[in-house]
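Here is the structure we will look at, set down as structure tokens.
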Amino acid sequence: MEALLRVKDLHTYFFSGNAVVKAVNGVSFKVLPGETFGLVGESGCGKTAICRSISRLIHPPGKITRGEIRYRGTQEETDILRISDESMRRLRGREISMIFQEPMSALNPVIPIKTQIYEALDSKLSKKEKYHRSIELLRLVGIPSPEKRMHEYIHQFSGGMRQRVMIAIALAGNPRLLLADEPTTALDVTIQNQIMLLINSLREELKMSMILVTHDLSVVSQMCDFVAVMYAGHIMELCDTVSLFAEPRHPYTYGLLSSIPREGSRRLESISGAPPNLADPLPGCPFAPRCAFKEGRCEGELPGLTGITPDHRVRCFFYEKLDGLDGFIDEKEGAPRI
Ligand SMILES: Nc1ncnc2c1ncn2[C@@H]1O[C@H](COP(=O)(O)OP(=O)(O)OP(=O)(O)O)[C@@H](O)[C@H]1O
Ligand SMILES: [Mg+2]
8 MEALLRVKDL HTYFFSGNAV VKAVNGVSFK VLPGETFGLV GESGCGKTAI CRSISRLIHP
68 PGKITRGEIR YRGTQEETDI LRISDESMRR LRGREISMIF QEPMSALNPV IPIKTQIYEA
128 LDSKLSKKEK YHRSIELLRL VGIPSPEKRM HEYIHQFSGG MRQRVMIAIA LAGNPRLLLA
188 DEPTTALDVT IQNQIMLLIN SLREELKMSM ILVTHDLSVV SQMCDFVAVM YAGHIMELCD
248 TVSLFAEPRH PYTYGLLSSI PREGSRRLES ISGAPPNLAD PLPGCPFAPR CAFKEGRCEG
308 ELPGLTGITP DHRVRCFFYE KLDGLDGFID EKEGAPRI
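Position one of the sequence shown corresponds to residue 8 (our numbering), numbered consecutively onward.
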């Protein structure tokens, strides 16, 4: 199947004073039509920087220094990094939409939400069509009394409702690709589940592809088809979700999965040690200082992403050491054990 999005060798750096923070350091992956692609990894590993690079929202001191982001939507395939600002504005919202972690920073506080939905809708629609479509969208995301609430401002909504409004605005342009950057972390747990289910059912209904950034591996197991595990600006493991749980081959992935408590909290626990300083990267594998499987070579040389199978790639010289270890699939139920 032809990919909708192909990210190739993306480098996104932040320049502050003399320091260069290498937030995204040569990342490549593709997203197929209708697929949910998960991005996971500890805080600061470059997940948001990837999403913002795709929607071309990296501003100084940030800069995309290298790479291609090839997108094939309704038009011919283009490189998002090389099209005009005008073409990018057309793509944003219509083809590619983003849901952020914090709706207050993404929505305009002094404009009623109705106007913000109208702006995201196809400009060819009549006023009446826009009105009906806005109500339909607000109803779709579960906002009660949309006829009344559409005239309100974002601060008049509760946290969960704000997130729903942002989803309605993100969907207004009927995008093919939704970038969902930890869309529920600011919400309490019961509402998190509701919003995740909502996003997933809308994605299926509207046949969108999605890049989902999450810390929650149970969300990955339920929603993602393919996953990239990120560490310090690099993809360490790239595979389908079943392989991720059944046979993780990167020691970092293994650590993430092992650190999930069996009962209770499902949040990622950190692995002992701290992530590296992205402004002063080590010459070798960035995970080596924390890795239980490392050997001398790991500290001097960055491993490439090796293909174990066509759908499973891993950035580790010694991935075979993990061959005999148990996976994280419940044998009775055949489902991820998390
Ligand atoms: N505007 C900025 N100026 C300087 N450094 C930045 C800026 N934005 C991000 N960075 C740095 O880039 C790196 C990657 O940040 P990013 O926000 O992409 O991480 P993340 O994986 O999304 O983390 P989180 O899970 O906490 O959201 C971090 O080291 C961060 O400090
Ligand atoms: Mg982030």
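C-beta atoms are modelled at their ideal positions from N, C-alpha and C, and glycine is treated no differently.
State yes or no: is the C-beta of Lys134 nearer than 7 Å to some heavy atom of ligand 1?
-> no
So is the beta-carbon of Lys131 under 7 Å away from any non-hydrogen atom of ligand 2?
-> no
Residue interval of the alpha helix (DSSP H) (run including Ala177) | Gly166 to Ala179
Buried or exposed: Val196, going by 16 or more other Cβ atoms within 10 Å of its Cβ?
-> exposed
Which residues are close to ligand 1, meaning CB closer than 5 Å to any heavy atom, in chain order?
-> Phe21, Val28, Ala30, Ser50, Gly51, Cys52, Gly53, Lys54, Thr55, Ala56 and Leu285
Confirm, please, whether the CB-CB distance from Phe107 to Phe233 is below 8 Å.
-> no
Is the stretch 55-69 touching the stretch 184-200, taking contact as three or more C-beta pairs under 8 Å?
-> yes
Phe22 in three-state terms, based on DSSP | strand
Buried or exposed for Leu128, please, with buried defined as at least 16 other CB atoms from any protein chain shown within 10 angstroms of its CB.
-> buried
Is DSSP giving Val148 helix, strand or coil here?
-> coil
Opening and closing residue of the alpha helix (DSSP H) in which Thr260 lies = Pro258 to Ser265
How is Ile118 classed by DSSP in three states: helix, strand or coil?
-> coil
DSSP-derived helix/strand/coil call for Gly303 | helix
Thinking C-beta only, is Met243 closer than 8 Å to Tyr261?
-> no
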